[in-house]
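**Student:** Submitted below is the structure of interest, expressed as structure tokens.
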Amino acid sequence: MWWPALTVVAIAAVVAVHTWWLRRHRAAQRALEERQRAFANLSGQHEQLTLQKQAEQQALFNSMTEGVLVLDVGGHIQLANESLRKLFRLSKEVRGQTIMEAFRLQELAEVMRRLQQERAVSGVELELPGMDERWLQINAAAVLDREGAQHGAILVFHDLTRLKQLENTRQEFVANVSHELRTPLSLIKGFVETLLEGAKDDPELSSKFLQTIEKHTDRLTFLIEDLLTISRLESGGTVMNLQPLNLNGVIARALEDLKSKALEKQVWIENRVPPNLWAKADAERLHQVFSNLIENAIKYGRQSGKVAVGAEEGADSEVTAWVRDDGPGIPPEARERVFERFYRVDRARSRETGGTGLGLAIVKHIVQAHGGEVWVKSEAGEGATFFLTLPKT
């Protein structure tokens with residue numbers, strides 16, 4: 003009779019053990035799932051922190067004005083910031099590529115070869131190929147591990163283009179000024195020596211030589227005055243006294259000053275400016291602008307030709323004025339350069355007619371100081387027209 007009871011007890015024990023085991027298994031499974039979730043969260047947080055750190059580094063590099071290139075131990079690009087992409091005008095991703103694959107420049111490959119031996123390279127200048135002039139300075143350093151072995155490299159690129167352009171401008175300016183000063187000084191010295199050697203005893207000859215000396219002395223004076231003027235304009239040292247001006251009156255004054263030169267060349271000048279057209283400008287500087295433009299029109303126009311000066315109200319609160327001659331015109335390649343200092347379309351003719359070569363550069367700076375623009379339109383054999391804009395009153 004005790005077997006049924008024993009069987010029930012055994013079954014109950016088995017059920018209890020099985021229930022206990024299921025609970026342990028489920029608890030262990032829940033603990034494992036929680037550990038897995040915690041690990042996944044930790045991994046996700048670590049990955050997120052890594053991505054955030056990389057994004058912060060990339061943002062830092064992109065904020066730099068210098069181009070930055072980071073290479074790994076195998077010489078493959080790991081990072082190229084935004085400034086570097088702009089400097090080299092990269093249109094595709096270069097990560098993972100070598101220097102030669104990305105840039106095709108032997109000069110960069112040479113920097114990398116030097117870096118393997120010297121561990122640091124500085125002051126290397128590179129002219130980038132292309133239509134426009136671009137210069138870069140390269141500074142490179144090897145990245146070393148704790149044992150001193152090279153683990154990668156960092157290259158920093160500085161844009162030298164503006165400095166190179168300024169240096170070229172300075173050299174050209176010094177050369178031009180030297181030439182402009184040397185020519186009249188040489189002539190003055192030559193005539194003075196001739197006078198001292200005996201020509202002073204000939205009244206007619208000495209008078210002629212002294213007149214020539216005076217002419218070239220005036221040329222030197224005008225050159226120095228123009229140099230001082232353009233220096234003040236470029237440095238912002240000249241303050242414009244802006245006031246309402248009647249353009250017809252300003253141009254009439256300039257024409258009166260140039261009447262003798264126009265009569266000498268038998269040039270007829272027509273003032274087409276409306277009598278009641280006003281602009282806001284500096285009276286003396288605007289007189290200088292129109293005097294330069296009209297004098298050039300007389301000088302480079304035809305003998306017994308015609309010069310016209312006009313103006314009209316334009317859009318956007320502007321007044322547009324123009325000076326037109328009937329000379330040979332300006333070649334297309336020279337139209338963008340006529341406002342440069344000392345630039346001359348026809349150097350031989352300019353030497354004969356005089357002038358400092360600074361007139362149009364002064365015109366450009368004065369007009370820009372008024373907030374306006376200046377440009378030229380010309381066709382071969384049909385003369386040239388110089389335009390400028392001024393603010394309305």
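Going by the working numbering, the sequence shown opens with residue 3, and the numbers climb by one from there.
A virtual CB, placed ideally from N, CA and C, is assigned to each residue, including glycine.
Treat the numbers as computed from the prediction; the structure is a model and nothing was measured.
1) Nearest to residue 279 by CA position, among 182, 393, 104 and 116, is which residue?
2) So, with DSSP's three-state summary, where would you put residue 83?
3) To the nearest angstrom, how far is it from the Cα of residue 100 to the Cα of residue 128?
4) Count Cβ pairs between the region 150-158 and the region 64-79 that sit closer than 8 Å; are there 3 or more?
5) Nearest to residue 292 by alpha carbon, out of 131, 366 and 332?
6) For my contact list, residue 260 and residue 286 are in at a C-beta cut-off of 8 Å; report their separation, rounded to the angstrom.
7) Along the chain, where does the beta strand (DSSP E) containing residue 161 start, and where does it finish?
8) Taking the beta carbon of residue 372 as the centre, do at least 16 other beta carbons fall within 10 Å, making it buried, or is it exposed?
9) How about the region 375-383 and the region 314-331: do they share at least three Cβ pairs that are nearer than 8 Å?
10) Assign residue 97 to one of three DSSP states: helix, strand, or coil.
11) Would you report the Cα separation of residue 191 and residue 214, rounded to the nearest angstrom?
12) Which same chain residues end up closer than 7 Å to residue 281 when comparing Cβ atoms and leaving out the 5 residues on each side of it in sequence?
13) In this structure, does DSSP put residue 269 in helix, strand or coil?
14) How many angstroms separate the CA atom of residue 239 from the CA atom of residue 219?
15) Taking the straight line between their C-alpha atoms, what separation do you get for residue 266 and residue 326?
16) Thinking just about the alpha-carbon of each residue, which of 385, 209, 70 and 341 is nearest to the one in residue 194?
17) Use the C-beta contact count for residue 83: other C-beta atoms within 10 angstroms, 16 or more gives buried, fewer gives exposed.
18) Of the residues 166, 112 and 235, which one's Cα is nearest the Cα of residue 142?
19) Answer with buried or exposed for residue 221, where buried requires no fewer than 16 other C-beta atoms within 10 angstroms of its C-beta.
20) Taking the straight line between their C-alpha atoms, what separation do you get for residue 351 and residue 302?
21) When you compare each of 140, 86, 115 and 313 to residue 276 by their alpha carbons, which one comes out closest?
22) So residue 361 is in the alpha helix (DSSP H); what residue range does that whole segment cover?
23) Out of 364, 72, 105 and 386, which one is the CA nearest neighbour of residue 130?
24) Kindly list the residues whose CB is nearer than 6 Å to the CB of residue 369, restricted to its own chain and excluding five residues on each side of it in sequence; keep chain order.
25) For residue 300 and residue 290, what's the separation of their Cα atoms in angstroms?
26) Less than 8 Å between the CB atoms is what I'm expecting for residue 184 and residue 163, so what's the real figure, rounded?
27) With a threshold of 16 other CB atoms inside 10 Å of the CB of residue 71, please say whether the residue is buried or exposed.
28) May I have a chain-ordered list of the beta strand (DSSP E) segments no shorter than 3 residues that lie completely inside the region 283-362?
**Tutor:** The structure says:
1) Against the sequence shown, residue 279 aligns to sequence position 277. Among 182, 393, 104 and 116, the Cα nearest to that of residue 279 belongs to 393.
2) As a working note, residue 83 is residue 81 in the sequence shown. Coil.
3) The count along the sequence shown starts at 1 and reaches residue 100 at position 98. The count along the sequence shown starts at 1 and reaches residue 128 at position 126. Roughly 18 Å between the two C-alpha positions.
4) yes
5) Here the question's residue 292 lines up with position 290 in the sequence shown. Out of 131, 366 and 332, 366 has the C-alpha closest to the C-alpha of residue 292.
6) Against the sequence shown, residue 260 aligns to sequence position 258. Against the sequence shown, residue 286 aligns to sequence position 284. That pair is no contact at about 16 Å.
7) On the sequence shown, residue 161 is found 159 positions in, with the first residue counted as 1. Note, residue 161: beta strand (DSSP E), 152-161.
8) Counted from its first residue, the sequence shown places residue 372 at position 370. With 16 or more other Cβ atoms within 10 Å, it is buried.
9) yes
10) Here the question's residue 97 lines up with position 95 in the sequence shown. Looking at residue 97 - three-state DSSP - the assignment turns out to be coil, as it is neither helix nor strand.
11) Along the sequence shown, read from residue 1 onward, the residue named residue 191 stands at position 189. Along the sequence shown, read from residue 1 onward, the residue named residue 214 stands at position 212. About 11 Å.
12) Against the sequence shown, residue 281 aligns to sequence position 279. Hits under 7 Å: 247, 249, 321, 392, 393, 394 and 395.
13) One-based indexing of the sequence shown puts residue 269 at position 267. Residue state, collapsed to three classes: coil.
14) The residue given as residue 239 occupies position 237 in the sequence shown. The residue given as residue 219 occupies position 217 in the sequence shown. Spanning the two alpha carbons is a distance of roughly 27 Å.
15) Along the sequence shown, read from residue 1 onward, the residue named residue 266 stands at position 264. Along the sequence shown, read from residue 1 onward, the residue named residue 326 stands at position 324. Taking the straight line from one Cα to the other gives about 19 Å.
16) As a working mapping, residue 194 is identified with position 192 in the sequence shown. Of the listed residues, the one whose Cα sits closest to residue 194 is 209.
17) By one-based count along the sequence shown, residue 83 stands at place 81. Result: buried.
18) One-based indexing of the sequence shown puts residue 142 at position 140. Measuring from the Cα of residue 142, the nearest candidate turns out to be 112.
19) Working through the sequence shown from its first residue, we reach residue 221 at position 219. Buried, by the Cβ-count rule.
20) Along the sequence shown, one-based indexing puts residue 351 at 349. Along the sequence shown, one-based indexing puts residue 302 at 300. Low confidence applies here, because residue 351 scores a pLDDT of 49, under 50, leaving its location unreliable and the question unanswered by this model.
21) Reading the sequence shown from its first residue, position 274 is the one you call residue 276. Ranking the options by Cα distance to residue 276, first place goes to 313.
22) One-based indexing of the sequence shown puts residue 361 at position 359. From DSSP, the alpha helix (DSSP H) with residue 361 extends over 361-371.
23) As a first step, residue 130 is located in the sequence shown; it is residue number 128 there, counting from the start. Comparing Cα-Cα distances from residue 130 to each of 364, 72, 105 and 386, the minimum goes to 105.
24) Within the sequence shown, residue 369 is the residue found at index 367, counting from 1. Here the set comprises 376 and 390.
25) The residue given as residue 300 occupies position 298 in the sequence shown. The residue given as residue 290 occupies position 288 in the sequence shown. Taking the straight line from one Cα to the other gives about 15 Å.
26) For the purposes of this step, residue 184 is taken as the residue at position 182 of the sequence shown. For the purposes of this step, residue 163 is taken as the residue at position 161 of the sequence shown. With 8 Å as the limit, residue 184 and residue 163 do not qualify as a contact, their Cβ atoms being about 31 Å apart.
27) For this step, residue 71 is matched to residue 69 along the sequence shown. Counting Cβ neighbours within 10 Å, residue 71 comes out buried, since at least 16 surround it.
28) 308-315 and 320-326
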